[in-house]
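J.: In mature numbering (1 follows the signal peptide of the UniProt record, and there is no 0), the protein residues as written are -23 to -1, 1 to 484. The C-beta atom is built at its ideal place from N, Cα and C for all residues, glycine as well. One structure is given below, represented as structure tokens, and several questions about it will come after.
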């Protein structure tokens, strides 16, 4: 769940909207001995000062005049370079792409390896949707200097990694430099990212680097992935309690509890805490942890839009799961309705939680209500689109609307990225178990999709399926018992009975 949340709240546009943080100018104007040179230096320094004060219009006008002045060529290279980089950064922040590119190209012509110029140009290219080259430049900048490391937050990191799914080398190099720089998500290891790095290192045969990466992975679902994927057998001692999922979950719960005491303002940590409590079955503790939040937000005049609402919605969704597992389905539905109504100030409502609410109605054999729950969503493709299309496919199929069900099915068949398992669900719903087996076997044999396929096959703790999921659950069990599927799984991994709950909805 943490990585899913980060991808939801950290879309690429959000990740790229912050002002790039750069080290301040390394040089200051010094008397040069001529009035012309002193005037040119003063023009550059004054423009840098305006930029640092946030006056982008004044700064850009000043830089334009300064670099049009031939006397600027007489200045020291460090001062000209500081001026060009600051001008490029200021133009980028003002969304003046052509102007930014001109200044940054000039800076790199003078100093081809300057990390500040590389970093801002990389951000500019990302904004222009040149994800590969933009990431390569950012990687070069971070490898050369840690001055920009603080500008990379977890949302930006996930956004870049997600955008590079078809570029494993660039993705590995970015993750490697973050790992080597000891980058963390405000003090906590980003283990979902390190797991992706470990997979890429294993596929590239980087044994020594792989061992170092695995040593920093200790969160429960990532530990399950390490144990069950044979690519990691050489560096994972499955007898070591460190690689026991239940022990890992308890350690992580303790760490998040301490983090919550030290930094109570971090609502994302509360969401991680309640999520991990669900993994170990501490459902009553999820309720007690979320009780104050639930009471406050369920009051009649409580706001529905506020900063931090997305994380509050996740905490409430975890509360709903706990209520369901405790047999309190009426309370779970009310909590889900509340969670789905929350959103950040600029975007009331939580689209992903509306999808979760719809999945709840599907599981309860209420397809009309499932469609009502997602009716107000923007029709443009969204994060979680595969989940929306699965809901549409299943609900319309149940209601006998063959045309709209077929439209959703076609989308799922054509878009098998993050939601590949949803298309397997489609095949199972249609009782095409041979086709579902072929797809699952193909995923197990493909390095990019193997881990997700293995996680689907693990025997996690879970409840009996709800009424609307009984038929598909039976077909899944039939699929997972097939000799050909089991043979494909055992060739590359293993299927184990896990001591923790999985993250299947409503199980």
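Mapping the DSSP letters down to three states, classify residue 423 as helix, strand or coil.
T.: Position 446 of the chain shown, counted from the start, is the residue given in the question as residue 423. Looking at residue 423 - three-state DSSP - the assignment turns out to be coil, as it is neither helix nor strand.
J.: According to the Cβ coordinates, are residue 486 and residue 109 closer than 8 Å?
T.: The requested residue 486 is not part of the displayed model; the chain covers only -23 to 484.
J.: For the alpha helix (DSSP H) holding residue 438, just list the boundary residues, first then last.
T.: The count along the chain shown starts at 1 and reaches residue 438 at position 461. Note, residue 438: premise wrong, no alpha helix (DSSP H); beta strand (DSSP E) at 436 to 438.
J.: Skipping 5 residues on each side, what residues in its chain have a beta carbon closer than 6 Å to that of residue 102?
T.: One-based indexing of the chain shown puts residue 102 at position 125. The residues are 110 and 111.
J.: When you compare only the Cα positions, how much space is there between residue 65 and residue 150?
T.: Position 88 of the chain shown, counting from 1, holds the residue named residue 65. Position 173 of the chain shown, counting from 1, holds the residue named residue 150. Whole-angstrom Cα-Cα distance: 26 Å.
J.: Hey, is residue 225 close to the ligand SAH, as in C-beta under 7 Å from one of its heavy atoms?
T.: Of ligands this structure carries none, so the ligand SAH is not represented either.
J.: Mapping DSSP to helix, strand and coil, what is residue 474?
T.: In the chain shown, the residue the question calls residue 474 occupies position 497. Reduced to three states, the DSSP call for residue 474 is strand.
J.: Along the chain, where does the alpha helix (DSSP H) containing residue 160 start, and where does it finish?
T.: Along the chain shown, one-based indexing puts residue 160 at 183. Here residue 160 belongs to no alpha helix (DSSP H), and DSSP marks it neither H nor E.
J.: To the nearest angstrom, how far is the alpha carbon of residue 457 from that of residue 480?
T.: For the purposes of this step, residue 457 is taken as residue 480 along the chain shown, with counting starting at 1. For the purposes of this step, residue 480 is taken as residue 503 along the chain shown, with counting starting at 1. Straight-line Cα distance between these residues: approximately 18 Å.
J.: Less than 8 Å separating the beta-carbons of residue 319 and residue 365?
T.: Against the chain shown, residue 319 aligns to sequence position 342. Against the chain shown, residue 365 aligns to sequence position 388. No, the Cβ-Cβ distance between residue 319 and residue 365 is not below 8 Å.
J.: Roughly how many whole angstroms lie between the Cα atoms of residue 30 and residue 40?
T.: Position 53 of the chain shown, counted from the first residue, corresponds to residue 30. Position 63 of the chain shown, counted from the first residue, corresponds to residue 40. Cα-Cα distance, rounded: 15 Å.
J.: Can you list, in chain order, the residues of its chain with a C-beta nearer than 7 Å to that of residue 430? Leave out the 5 residues immediately preceding and following it.
T.: As a working mapping, residue 430 is identified with position 453 in the chain shown. Within the same chain, residue 430 has close Cβ partners 417, 420 and 421.
J.: Count the other CB atoms, across all protein chains shown, that sit within 10 Å of the CB of residue 451; report buried if there are 16 or more and exposed otherwise.
T.: Translated into the one-based positions of the chain shown, residue 451 becomes position 474. Counting Cβ neighbours within 10 Å, residue 451 comes out exposed, since fewer than 16 surround it.
J.: Among 253, 410, 371 and 84, whose alpha-carbon lies nearest the alpha-carbon of residue 386?
T.: For the purposes of this step, residue 386 is identified with residue 409 of the chain shown, where counting begins at 1. The candidate whose alpha carbon is nearest that of residue 386 is 371.
J.: Just verifying my parser: in three-state terms, what is the DSSP assignment at residue 353?
T.: Start at 1 with the first residue of the chain shown, and residue 353 comes out as number 376. Coil at residue 353, not helix or strand.
J.: Say whether the region 209 to 218 touches the region 430 to 447, bearing in mind that this needs 3 or more beta-carbon pairs closer than 8 Å, one atom from each stretch.
T.: No: fewer than three Cβ pairs fall under 8 Å.
J.: Is the beta carbon of residue 257 less than 8 Å from the beta carbon of residue 226?
T.: Translated into the one-based positions of the chain shown, residue 257 becomes position 280. Translated into the one-based positions of the chain shown, residue 226 becomes position 249. Contact: yes.
J.: If contacts are defined as beta-carbon pairs under 8 Å, then residue 134 and residue 167 qualify, I think. What distance do you get, rounded to the angstrom?
T.: Sequence index remark: in the chain shown, residue 134 carries index 157 (1-based). Sequence index remark: in the chain shown, residue 167 carries index 190 (1-based). The Cβ separation is near 7 Å, so the contact holds.
J.: Specify, as a first and last residue, the run of the alpha helix (DSSP H) that residue 213 falls within.
T.: Position 236 of the chain shown, counted from the start, is the residue given in the question as residue 213. Where residue 213 is concerned, there is no enclosing alpha helix (DSSP H), given that its DSSP letter is neither H nor E.
J.: Beta carbon of residue 175, beta carbon of residue 194: below 8 Å?
T.: On the chain shown, position 198 is the one that residue 175 refers to. On the chain shown, position 217 is the one that residue 194 refers to. Their beta carbons are under 8 Å apart, which means residue 175 touches residue 194 by this criterion.
J.: From residue 74 to residue 321, what distance separates their C-alpha atoms?
T.: Looking up residue 74 in the chain shown gives position 97. Looking up residue 321 in the chain shown gives position 344. When rounded, the separation of the alpha-carbon atoms in residue 74 and residue 321 is 29 Å.
J.: Check each candidate in 190, 146, 178 and 184 and name the one with the smallest Cα separation from residue 157.
T.: By 1-based counting over the chain shown, the position of residue 157 is 180. When each option's Cα is compared against that of residue 157, the closest is 190.
J.: Please report how far the alpha carbon of residue 15 lies from the alpha carbon of residue 81, in whole angstroms.
T.: Looking up residue 15 in the chain shown gives position 38. Looking up residue 81 in the chain shown gives position 104. Roughly 24 Å between the two C-alpha positions.
J.: Just the C-alpha distance for residue 91 and residue 461, rounded to the nearest angstrom, thanks.
T.: Indexing the chain shown from 1 puts residue 91 at position 114. Indexing the chain shown from 1 puts residue 461 at position 484. Cα to Cα, residue 91 sits roughly 54 Å from residue 461.
J.: Per DSSP, what kind of secondary structure is residue 257 in: helix, strand or coil?
T.: One-based indexing of the chain shown puts residue 257 at position 280. Note: residue 257 maps to coil in three-state DSSP.
J.: Should residue 362 go down as buried or exposed, given a rule of 16 or more other Cβ atoms within 10 Å for buried?
T.: Reading the chain shown from its first residue, position 385 is the one you call residue 362. Per the 10 Å Cβ criterion, buried.
J.: Roughly how far, in whole angstroms, is the beta-carbon of residue 148 from the beta-carbon of residue 177, given that I think they are within contact range, below 8 Å?
T.: Your numbering for residue 148 matches position 171 in the chain shown. Your numbering for residue 177 matches position 200 in the chain shown. Rounded, the Cβ-Cβ distance is 6 Å, consistent with contact.
J.: Could you check which residue in 105, 368 and 164 has the C-alpha nearest to that of residue 232?
T.: By one-based count along the chain shown, residue 232 stands at place 255. Closest by alpha carbon: 164.
J.: On the CB-based measure, 16 or more other CB atoms within 10 Å of its CB, does residue 327 come out buried or exposed?
T.: One-based indexing of the chain shown puts residue 327 at position 350. Residue 327 comes out buried.
J.: Looking only at C-alpha atoms, which of 25, 278, 249 and 277 sits nearest to residue 293?
T.: The count along the chain shown starts at 1 and reaches residue 293 at position 316. Answer by Cα proximity: 249.
J.: Taking the continuous alpha helix (DSSP H) assigned at residue 479, which residues delimit it?
T.: Here residue 479 corresponds to residue number 502 of the chain shown, with the count starting at 1. Neither: residue 479 is in no alpha helix (DSSP H) and is coded neither H nor E.
J.: Buried or exposed for residue 435, please, with buried defined as at least 16 other CB atoms from any protein chain shown within 10 angstroms of its CB.
T.: Locating residue 435 in the chain shown gives position 458, counting from the first residue. By the neighbour-count rule (16 or more Cβ atoms within 10 Å), residue 435 is buried.
J.: Using DSSP with H/G/I as helix, E/B as strand and the rest coil, what is residue 9?
T.: As a first step, residue 9 must be located in the chain shown, where it is residue number 32. Any answer about residue 9 is weak, because its pLDDT of 47 lies below 50 and its placement is not dependable; what the coordinates show is given next. Residue 9: coil per DSSP, three-state reduction.
J.: For residue 187, collect the residues of the same chain with a Cβ closer than 7 Å to its Cβ; drop the 5 residues on either side in sequence, then sort them by chain order.
T.: As a first step, residue 187 is located in the chain shown; it is residue number 210 there, counting from the start. Taken in chain order, the residues that qualify are 175, 178, 179 and 212.
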